[in-house]
Structures are given as C-alpha cells and as structure tokens.
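To start, the structure under review is shown below, and the notes come after it.
In the working numbering, the protein residues as written are 1258 to 1909.
See below:
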C-alpha cells in the first residue's frame, strides 16, 4: 500500500488528476503518515520537537523489528502470533544466562538469538511437517514461550547486563541506538525480500503455494527458514526492549504480536500473501507510534487509543480493497523497474518537502500562541483496570482540580515498555512535573533518569523507582501490609489451620512485596500451613477460576489470603456459603467492593491503603517540587486492617 508501485487498468483517469490519484493510491500508508504528522503538529505544540520525534523513533523500534520478521511470514501467506512471547523468552534467556548462570555476555547473546531461531524452527516444523494451521502452531508457541519465560525468571524481572543495556542508550548523547538497530534490521529485511532466493521464494509461496511447489521450490524447507527468520527478528526485538528497560521482564511484549501484524497490514501487505515490503512495514510501525505518541500528548484516554488503533487497521484494509478495485495490481516479487524506482524516489522527495513545510508552518503557529498559565503534571498509572488504581486517579484528579493543575493521566496496562514510552512522552511534552506509579521499579528507572536529565521533578506513588532520582515517594508499605494481613488471618483462625494464597501478576513489585510481607508475618504462627499458592493476576475472574480449582484439591481449607481485593472477591464467589463462615478470606487494597464485602461479612478483612489519599498527596507534592518548594523524600500513608468492626468509619 505504501510503497508497492501499482499498474492501473487501461482507461484509468489520465492527466494531472489521475496521476495524483494514482500517487495517493500507490502510497496510501505514506500519505496517511504525512496526514497524521500534520494533524498532530497542528494539535500539539510539543509534537514536532527534536526530542519528541526521536521518542517516536524509539517507540516504533521494537514494533518495527518484530514486524520486519512477521513480514516474511505474511508475504508467504502465513501468520506468527508468537513473536511477542519469543521476544520475552529470548531476553529472559540472555539476562538469566549472563547473571544467574555466569555465562559470558557474548555467549549469552548468542544463546538468546539461538532461542528465537529455535522457536521459529519449531513453528516452521509444526506448519510444514505437522500440517498445523499457522494460527494454531504459533498460538501454541505463544503460550509455551511465555510459560518458559516465567519458569526461567521465577516470575521476577532479571537485571540486564550493563554491556548489553547500552543498546537502550544514545550515541553522541542524542541518537538512540534502538533507532539504529531498527534501520539495520529494516535494510536486512529489504535485502532478503528483494535480492535473495529465499525472498523471491516467499513471494512465490504466498502467491500460490501449489504452483511454487510444482515449479521446484522446496516449500517445506523454505517455510522452516521463513519462520526461523521471524524468530531471529523476535529475539533481536526482545533484546532491544529489555535494554530499554534495563531488565528482562517475563511479561514483556504482551500483545506486541498484534501490533506487529497491524504494522505489516497498514504498510500494504496482504494477509492472503504475495505482497509486502520492508519500507511499507516501517511506515506502518511509524503510524502506530505517531498515533500513540500524539494521543498521549493530547491526553487521550488509553482506552480510546485502542479504539483509534483498531479503526486505523480497519481503514488500512478497506483502503487496500478500494485500491485493488480501482484496478491496481501489486507486483509479485517486490522488484521495481527503473521507472517505478524513479516514481518512488519522487514520492519520498515530495513527502520530505511537505514535512519541511509543515514543520515551518506549525512552528510559527505554536510560537505565536500564548503559553498555558496552568501548571502541567503527568500521571502514569500501571493500570486502570483495577479499582485501587482508579481510586488513585480519582484522588489525583480531585486534588489537581482543587489546585488548578492541568493533569494528564495515562494507563500503562501493566506493560513496563508502554509505561516507558509514556514517561518519555511526558519528558518531551514540557510538563512541570511527573507522577509515576511504576509497573516495575527497575524498568521505570531509565525513563525516570531521562526526566532527571530534563530537570523535570518526578514523584513516585505506591511503588518506588530504582536507580533514578525521585523528589518524593508517596506510598504505603506493601511489605508491612502483607505482614498485617498474615496477622489478621492467623489470629482469626486461632493460630492454626490450612490456607491458600492467591498471588498477583507474576513479576510485579506489588505481588512480590505483599507476598514477602505475608510470608514473614506468618512465621510467628507455626500452626498455620500454606497448602497452595497460585497466581490469579490481580483479576476477579481469574481469582474465581483459580479458587474453584484449588478447592478441588484442598476442600478442607480454613483461610485464604489474596494479594488484592479483586482476587479475594473472586475467591468469595467460588467459596459460596463457606466464605465468612468456615473459610476466612483476607484481601488487600480496601477497594469499594472489597469494603462492601467486609461489611457483609463474606470478606473477613482488607488491608487498606487509602488509594485516594495516595493520589491526592502525590499531586500535591509534585506541584511543590515543580515550584522548587521543599518536599519530604518519603511520605508514608498508613495501611490499616479494615474489618466489620471498623469499616463504617473508614474512608479510602
């Protein structure tokens, strides 16, 4: 769509109008990218800054590298849903090998790359020789690779070797290394597709697999190589991503396979196979990055961002349909003649001229506008799919309104890399201060250091940030809360009995700290025996399912400790009439629904953190830091065990 040069049917509209029409049709994604840049530049004065444009490049890098690998698969009429999980597994293998196993870093990198290639070969074998549909084979690998990543890391992030972490740095203090890696991988993709035998084979297989086989192509072996390429690129993307976060996150890159496929499709490739180019894929990845970056700068909700991305993907496919109905036919091999190359070069020259004109026009527009009088603060929350963090947001917004602060709220959706992007956008968005509730304390470090370098004060809320400077940490103590939960449950059971623990999302600092505090607190009660621990991802539905399963193996339990109220409420549903009678349940967070259950007697207690107060205090301290007023480094909000006896007077 973006760069495939198409031939119009005879009789197509001629003249200048017809030429412009063909130019737009033949370069739809490039046209869309230019329009997006113009729109975002007009809407936000922070978009067309050098720092922000480099942010866009960095944020596109991982998706683009994954998408380059997926391009090989889609051109050959396949699909690969496993690339996100393979990226996480490869990064985990590198970090574990270089730190826990003591393997030299160079060899660890080789092992990580080999891991990606092996995963790709397994996919290729299942598709070619196992006759599994690519969707099923790669869906299975998605689950296997993610599970292995969690097994190797034990659900916790692993620090990345410093020598490899430089991949997340900049050259000369301004040029991001991830962008250079993206360019190199893009050039490699273009070379493979346009200049090699395996590249031509991909187009042939995608165009007509049976005809390719009858023409003498060893289709099965070619598919092995195609999926191995996809695994190789996934490994490279995983290493770059982990380098940005300074740690290998076992839950990293979740959902990135969909972004990668979207980038390829937006860039003009057909899911039916036979078409697709590296340049189109790069443009598709840039479109997604520009959309997310611009919508962040415009304070658009993360939920609406998902809607916008979905609409863009649908429009890209519709545009492709319109293009084909207009009489366009894409070349089968991706090769271009001399005339087509000249037209393509002219297209890029025109795009560059338009971009320069837009830069000049929007610079004049925004330079002439008056600066906003209100202080601007950004709030990056780990998730808004949990009542606890929704309460933090509500408290923060209430305080911001009271203080006359312009507050921008973003949702990282429990994705450390997405939060890193949001923090980078805040840094380039000329904010007065930033409040961050980290998905992971280590992973937030590099982005917060970027804010430190830009002299933007950062306040952490609920969880701290490692290896970076924060003006203040506003938090209740998760470890102390876990210990209080253990004490409350043990005393309710009279110091003896059997219990199960519902753990939060693997790899998150909240789950680790609450679990550690509970384990420490339980040491004072040797009569209490933990018979099972299972993660339920801080989710009510998963809490219900996991608790239902645990009851089959341990029907006679006396108590349940859930690391948040959502899982506790799911456990109560599974326990039915046993909840609050023969089985005592203790939750964590003090959410509105949790407190209602405490009042009803089905939930014995909740370790409440007063999340609304956390949000209010965080915004208050961020404003003080922005105005160079004195701020306490550590602001503690007391945790409190809420039971039926004191729930009436408690306010979160």
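Built from N, CA and C at the ideal position, the CB exists for glycine as well.
Check	Outcome
Terminal residues of the beta strand (DSSP E) in which residue 1667 lies	1663–1668
Rounded separation between residue 1491 and residue 1829 - CA only	41 angstroms
Contact under 8 angstroms by Cβ, residue 1815 with residue 1848	no
Which of helix, strand or coil DSSP assigns to residue 1636	strand
Closest by C-alpha distance to residue 1633, when choosing among 1758, 1398, 1713	1713
CB of residue 1758 within 8 angstroms of CB of residue 1785, strictly	no
Exposure label - residue 1586; buried when at least 16 CB within 10 Å	Summary for residue 1586: the model assigns pLDDT 46, below 50, so the residue's position carries little reliability, and this model does not support an answer.
First through last residue of the alpha helix (DSSP H) which encompasses residue 1497	1476–1502
Member of 1379, 1444, 1409, 1349 whose CA lies at the smallest distance from the CA of residue 1321	1444
Per-residue burial, residue 1891 [other beta carbons within 10 Å of its own, 16 or more giving buried]	exposed
Counterpart residues of residue 1838 in DSSP-defined beta bridges	Per DSSP, none; premise fails for residue 1838.
Inter-residue spacing [alpha-carbon to alpha-carbon] between residue 1559 and residue 1473	50 angstroms
Under the three-state DSSP convention, the category residue 1846 falls into	strand
Start and end residues, beta strand (DSSP E) containing residue 1435	From DSSP, residue 1435 is part of no beta strand (DSSP E) but of the alpha helix (DSSP H) over 1434–1452.
Residue closest to residue 1664, alpha-carbon to alpha-carbon, out of 1649, 1672, 1671, 1675	1649
Neighbour-count burial assignment, residue 1411, 16 or more Cβ in a 10 Å radius	exposed
Limits of the unbroken alpha helix (DSSP H) element including residue 1760	Not the alpha helix (DSSP H): residue 1760 falls in the beta strand (DSSP E), residues 1754–1760.
Cα-Cα separation between residue 1380 and residue 1329, rounded to whole angstroms	14 angstroms
Of the residues 1850, 1441, 1571, the one placed nearest residue 1904, counting alpha carbons only	1850
Pairwise C-alpha distance: residue 1354 and residue 1895	40 angstroms
Validate contact between the stretch 1495–1513 and the stretch 1381–1392 using beta carbons, cut 8 angstroms, 3 pairs	no
Option nearest residue 1661 by Cα separation, candidates 1781, 1369, 1867, 1880	1880
Where the alpha helix (DSSP H) through residue 1523 begins and ends	1513–1523
Euclidean distance between Cα positions of residue 1534 and residue 1479	18 angstroms
Alpha-carbon spacing of residue 1631 relative to residue 1728, whole angstroms	21 angstroms
Cβ neighbours of residue 1702 in the same chain (closer than 7 angstroms, five flanking residues each side left out)	1503, 1722, 1723, 1724, 1725
C-beta atoms of residue 1852 and residue 1869 nearer than 8 angstroms	no
Exposure of residue 1809, with buried meaning 16 or more beta-carbon neighbours within 10 Å	exposed
Outcome for residue 1403 when other beta-carbon atoms lying within 10 angstroms are tallied against a minimum of 16	buried
Residue 1675 vs residue 1640 beta-carbon contact at 8 angstroms	no
C-beta atoms of residue 1794 and residue 1645 nearer than 8 angstroms	no
Same chain only: Cβ atoms within 6 angstroms of residue 1456, ignoring 5 sequence neighbours per side	1449, 1450
Status (buried if at least 16 other CB within 10 Å, exposed otherwise) for residue 1769	buried
Secondary structure of residue 1775, DSSP reduced to three states	helix
For residue 1899: DSSP bridge partner residues	1863
Identified DSSP bridge partners for residue 1393	Residue 1393 is not bridged to any residue.
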